[in-house]
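Enquirer: To convert, note that position 74 of the sequence shown is 366 in the working numbering; the numbers rise steadily by one, no gaps.
C-beta atoms are modelled at their ideal positions from N, C-alpha and C, and glycine is treated no differently.
Remember, it's a predicted structure, so these values are computed and weren't measured experimentally.
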Amino acid sequence: MRYRPAVLLLVLAGLAVPSPAQAAGNTLTVNVGTVVRPVTHVASGGLYAVDTGTKPPLEQMYPLRLNHLTQPPPGVQQLGNGATTPCCDGALVAGKVTSGGAQQFWRLPDIYKDFPYKWVSWTDWESKVRTMVQTRLNATTTTNVDGYELWNEPDWTWNTSAAGTFNAGWTRTHRLIRTLDTVTPIVGPSHSIYNHDWMVSFLTNARDTGTLPDVIVWHELDNDSYLNVQAHVADYRAIESSLGISARPISINEYASPSQVDIPSVAVHYMAVFERHGIRSAERAYWYEAGTLNGLLYNNAPTSSYWTYKWYGDMAGNIVQTVPGSWLEGVAAYDSTRKVVNVVLGGDSGDNTVRVNGLGALGSQVRVTLSRSGTTGRTTSQSAPIAVSSATYTVSSGSISVPVTGMHAWDSYQLLITPTSGVPTWQQRYEAENATVVNANRFSSGSASNGGYVGQIDGSANPRNQSFVDFLVNVPTARSYTMTIGYANATGATATHGLAYNGGGWQTISYPPTAAWGVFGSTVNATVTLKAGWNLIRLAKGSPNLTAGTGYAELDYINLA
């Protein structure tokens, strides 16, 4: 949804954020020992978030660890929100999206100039679809396009009188695309709200016609949407089960109303529920200017909301359990390799508490640093988060309680917990399951670093199904680094991957055989020459300009020293 009807232009009060509890004393509980899933920065995506050139700068994209984007298709004509020229062509920004560590859907109906879309004819639409898909097929060096979104918000933008029912139109378009491209995922139905009856009707038709989407998409755009995510996911999973449909990933590729997107604490609520309830990817809605990371930047400088997403982007290891207290909500991660607990919270006012359990591995004392975002709105920059406090806490029975006093309901806060000594100044280990995983899958193993790894890195045929893992790393100085790779290879023979970084040439990594799949402890080393700051390192079975790797290997982590 990219229009701004008067009914949605709410002030930053009232329905924009639920009224926080007035009585002080709410507690957010963090259980470090209860793993939810690997960190993948589920909520850090955006719609029309990235344009070409320096809008936005890659240096501002990197710290957010962007998970997923929805971009308009090649040849976009959409003039969203008063723009005078089309923006953000998915084919033109593909290299930038990949460099930023993200993947993208192409929203096909945004080939039309107007929104709501003005239907012309089936001949016109099918001609456009053929052209857009052929552009993808011709882009033989483009990766990370992981879905065609067949329509957008059909519950109010599909012209039934001219085009027939949406379900029939979905089937017809799906079948056309599959005659052209049998590989790229198809995603939808992309309703503007979650509706049980619409979903049952859509899935029944898609099942019966053999046109099920590979990823299920809907939008959460109401002011209370984050309160409903759990119920919507549960209802959708029940429909799948009742219809005999295998479980599909869920993408919420537009979230937050216009009055919410500039309130940092609202972002925290969405982050928490998306992580808690198994959403694969989620993207901030595009209500205002395109190419600004959905308002996280203004004139390419961070707003206060940017820092909320930057704290979220700093998470590594595993998302761990958080239990909200009334409106006090939070998302937390624990990186066991560095012994860092990162909690991002918000949504309540007054004096509250964060109770963190399961800290035994961090020692008898821990350092706790508290920061807050401030609330600048969309058109005022803020160069850094606001420091609140830093103190040493004694761990009692594995727990600490941290008071967070004078909270503002619109601000977000970061609570960073580390050992009092021995914490490295920069992240050296990067878990494969935290990285950008393309045409492969994440798994768990007791022998894997931080408990997770990536396997089924098998594809090598073409840029639509080649398999690789992209590690976005941040190093302090420009120099040569020894990169240690944790792996497993139970083929009985040496396997190989291609290694490339920052768009450079390929070298070969050889993995001698190991005892079993999913059992880790073996490593190999390589030398990489990195620039100071952010670098993208790819380990690939298949990738453009790479002669395919041989055999098969699973990836546990990379470590830079």
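Do His-638 and Ser-336 have their C-beta atoms within less than 8 Å of each other?
Expert: Position 346 of the sequence shown holds residue 638. Position 44 of the sequence shown holds residue 336. One detail in the question is off: residue 638 reads as Gly in this sequence, not His. It is not a contact, given that the beta carbons lie outside the stated cut-off.
Enquirer: Please classify Thr-373: does DSSP put it in a helix, a strand, or coil?
Expert: Within the sequence shown, numbered from 1, the residue matching residue 373 stands at position 81. In the sequence as displayed, the identity of residue 373 is Asn instead of Thr. If DSSP states are grouped into helix, strand and coil, Asn-373 belongs with the helices.
Enquirer: Taking all protein chains shown into account, decide if Thr-800 is buried (16 or more other Cβ within 10 angstroms of its Cβ) or exposed.
Expert: As a working mapping, residue 800 is identified with position 508 in the sequence shown. With fewer than 16 Cβ atoms within 10 Å of its Cβ, Thr-800 is classed as exposed.
Enquirer: Measure the C-alpha to C-alpha separation of Met-699 and Phe-566 and round it to an integer number of angstroms.
Expert: Position 407 of the sequence shown, counted from the first residue, corresponds to residue 699. Position 274 of the sequence shown, counted from the first residue, corresponds to residue 566. If you take the alpha carbons of Met-699 and Phe-566, they lie about 24 Å apart.
Enquirer: Between Val-507, Asp-627, Gly-834 and Tyr-685, which lies nearest to Pro-716 when the distance is taken from Cα to Cα?
Expert: If you number the sequence shown from 1, residue 716 lands on position 424. Considering only alpha carbons, the answer is Asp-627.
Enquirer: Keeping to the same chain, check which residues put their C-beta closer than 6 Å to that of Ile-692; ignore five residues upstream and five downstream.
Expert: The sequence position of residue 692 within the sequence shown is 400, counting from 1. Excluding sequence neighbours, Ile-692 sits near Val-648 and Tyr-685.
Enquirer: How would you write the range of the alpha helix (DSSP H) that Glu-351 sits in, first residue to last?
Expert: Stepping through the sequence shown from its first residue, residue 351 is reached at position 59. Here the alpha helix (DSSP H) through Glu-351 covers 350–353.
Enquirer: What's the gap between the Cα of Ser-597 and the Cα of Arg-499?
Expert: To locate residue 597, count along the sequence shown from 1; it is residue 305. To locate residue 499, count along the sequence shown from 1; it is residue 207. Straight-line Cα distance between these residues: approximately 41 Å.
Enquirer: Taking only the alpha-carbon atoms, compute the straight-line gap between Lys-388 and Thr-463 and give it to the nearest angstrom.
Expert: For the purposes of this step, residue 388 is identified with residue 96 of the sequence shown, where counting begins at 1. For the purposes of this step, residue 463 is identified with residue 171 of the sequence shown, where counting begins at 1. Near 32 Å, if we compare the C-alpha coordinates of Thr-463 and Lys-388.
Enquirer: Pull the bridge partners of Asn-323 from the DSSP assignment, please.
Expert: As a position in the sequence shown, residue 323 is number 31, starting the count at 1. Answer is Gln-613 and Asn-649, bridged to Asn-323.
Enquirer: Is it the case that the Cβ atoms of Glu-581 and Leu-361 are separated by a distance below 8 Å?
Expert: By 1-based counting over the sequence shown, the position of residue 581 is 289. By 1-based counting over the sequence shown, the position of residue 361 is 69. Between Glu-581 and Leu-361, the CB-CB gap reaches or exceeds 8 Å.
Enquirer: So, helix, strand or coil for Thr-465, using DSSP?
Expert: Here residue 465 is taken as the residue at index 173 of the sequence shown, counted from 1. In the structure shown, Thr-465 sits in a helix (DSSP, three-state: H, G or I).
Enquirer: May I have a chain-ordered list of the beta strand (DSSP E) segments no shorter than 3 residues that lie completely inside the stretch 331–419?
Expert: 337–339, 360–363 and 395–399
Enquirer: On the three-pair Cβ rule with 8 Å, is the stretch 319–326 touching the stretch 340–350?
Expert: No contact exists between the stretch 319–326 and the stretch 340–350.
Enquirer: Grab the span of the alpha helix (DSSP H) containing Phe-494 for me, first residue to last.
Expert: One-based indexing of the sequence shown puts residue 494 at position 202. Per DSSP, the continuous alpha helix (DSSP H) segment holding Phe-494 begins and ends at 488–501.
Enquirer: Does the Cβ of Glu-512 have 16 or more other Cβ atoms within 10 Å, making it buried, or fewer, making it exposed?
Expert: As a first step, residue 512 must be located in the sequence shown, where it is residue number 220. Residue environment analysis places Glu-512 among the buried positions, since at least 16 neighbouring C-beta atoms fall within 10 angstroms of its C-beta.
Enquirer: Within 10 Å of its beta-carbon, does Pro-446 have 16 or more other beta-carbons around it, so buried, or fewer, so exposed?
Expert: Position 154 of the sequence shown, counted from the start, is the residue given in the question as residue 446. When all chains shown are included, Pro-446 counts as buried.
Enquirer: Ser-557 lies in the alpha helix (DSSP H); which residues open and close that run?
Expert: Locating residue 557 in the sequence shown gives position 265, where the first residue counts as 1. Note, Ser-557: alpha helix (DSSP H), 556–568.
Enquirer: Are there 16 or more other CB atoms within 10 angstroms of the CB of Thr-524, so buried, or fewer, so exposed?
Expert: As a position in the sequence shown, residue 524 is number 232, starting the count at 1. Just to set this straight, residue 524 is His in the shown sequence, not Thr. Buried is the call here.
Enquirer: Let me know the beta strand (DSSP E) ranges lying completely inside the stretch 652–677, each 3 residues or longer, listed in chain order.
Expert: 657–664
Enquirer: So Thr-839 is in the alpha helix (DSSP H); what residue range does that whole segment cover?
Expert: Taking the sequence shown and counting its residues from 1, one reaches residue 839 at position 547. For Thr-839, there is no enclosing alpha helix (DSSP H), since its DSSP letter is neither H nor E.
Enquirer: If you draw a straight line from the alpha carbon of Ala-313 to that of Gln-426, how long is it in whole angstroms?
Expert: Locating residue 313 in the sequence shown gives position 21, where the first residue counts as 1. Locating residue 426 in the sequence shown gives position 134, where the first residue counts as 1. Any reading at Ala-313 must be qualified, since the residue scores a pLDDT of 41, below 50, and its modelled position is unreliable; no value is offered.
Enquirer: When the distance is taken between beta carbons, is Trp-702 closer than 8 Å to Thr-667?
Expert: For the purposes of this step, residue 667 is taken as the residue at position 375 of the sequence shown. For the purposes of this step, residue 702 is taken as the residue at position 410 of the sequence shown. Yes, they are a contact pair.
Enquirer: From the DSSP output, which residues share a beta bridge with Tyr-440?
Expert: In the sequence shown, residue 440 corresponds to position 148, counting from 1. Tyr-440 is bridged to Trp-398 and Ile-478.
Enquirer: Mapping DSSP to helix, strand and coil, what is Ser-538?
Expert: Against the sequence shown, residue 538 aligns to sequence position 246. Of the three classes helix, strand and coil, the one that applies to Ser-538 here is coil, per DSSP.
Enquirer: Going along the chain, which residues of its own chain have a beta-carbon closer than 8 Å to the beta-carbon of Ala-315, five neighbours each way excluded?
Expert: In the sequence shown, residue 315 corresponds to position 23, counting from 1. Confidence is the limiting factor: at Ala-315 the pLDDT is only 46, short of 50, which leaves the residue's position unreliable, though a coordinate-based value still follows. Here the set comprises Gly-642.
Enquirer: Buried or exposed for Asp-762, going by 16 or more other Cβ atoms inside 10 Å?
Expert: Here residue 762 corresponds to residue number 470 of the sequence shown, with the count starting at 1. Flag for Asp-762 reads buried.
Enquirer: With the cut-off set at 8 Å, would you say Thr-661 and Ser-682 are in Cβ contact?
Expert: In the sequence shown, the residue the question calls residue 661 occupies position 369. In the sequence shown, the residue the question calls residue 682 occupies position 390. Yes, these two residues count as a Cβ contact at 8 Å.
Enquirer: Count the other CB atoms within 10 Å of the CB of His-488; is the residue buried (16 or more) or exposed (fewer)?
Expert: Looking up residue 488 in the sequence shown gives position 196. His-488 should be labelled exposed.
Enquirer: Consult DSSP for Leu-472 and reduce its assignment to one of helix, strand or coil.
Expert: Reading the sequence shown from its first residue, position 180 is the one you call residue 472. Helix at Leu-472.
Enquirer: Pro-312 by DSSP, collapsed to three states: which one?
Expert: Your numbering for residue 312 matches position 20 in the sequence shown. Only weak support exists for where Pro-312 lies, its pLDDT of 40 falling under 50; the coordinates are left without a value.
Enquirer: Measure the alpha-carbon distance for Ala-548 versus Asn-515 and round it to whole angstroms.
Expert: Translated into the one-based positions of the sequence shown, residue 548 becomes position 256. Translated into the one-based positions of the sequence shown, residue 515 becomes position 223. The straight-line gap from Cα to Cα measures roughly 7 Å.
Enquirer: Going by DSSP, what residue range makes up the beta strand (DSSP E) through Gly-638?
Expert: Counting from 1 along the sequence shown, the entry for residue 638 is found at position 346. Counting along the chain, Gly-638 sits inside the beta strand (DSSP E) bounded by residues 632–638.
Enquirer: Residues bridged to Arg-576 by DSSP?
Expert: Locating residue 576 in the sequence shown gives position 284, counting from the first residue. Partner(s): Gly-338 and Tyr-547.
Enquirer: Looking only at its chain, what residues have a beta carbon closer than 7 Å to the beta carbon of Glu-546, apart from the 5 residues adjacent to it on each side?
Expert: Stepping through the sequence shown from its first residue, residue 546 is reached at position 254. Closer than 7 Å at Cβ, skipping near neighbours: Met-293, Leu-339, His-511, Leu-513, Glu-575 and Ala-577.
Enquirer: For Phe-812, which residues does DSSP report across the bridge?
Expert: For the purposes of this step, residue 812 is taken as residue 520 along the sequence shown, with counting starting at 1. Paired residue(s): none; Phe-812 is not in a bridge.
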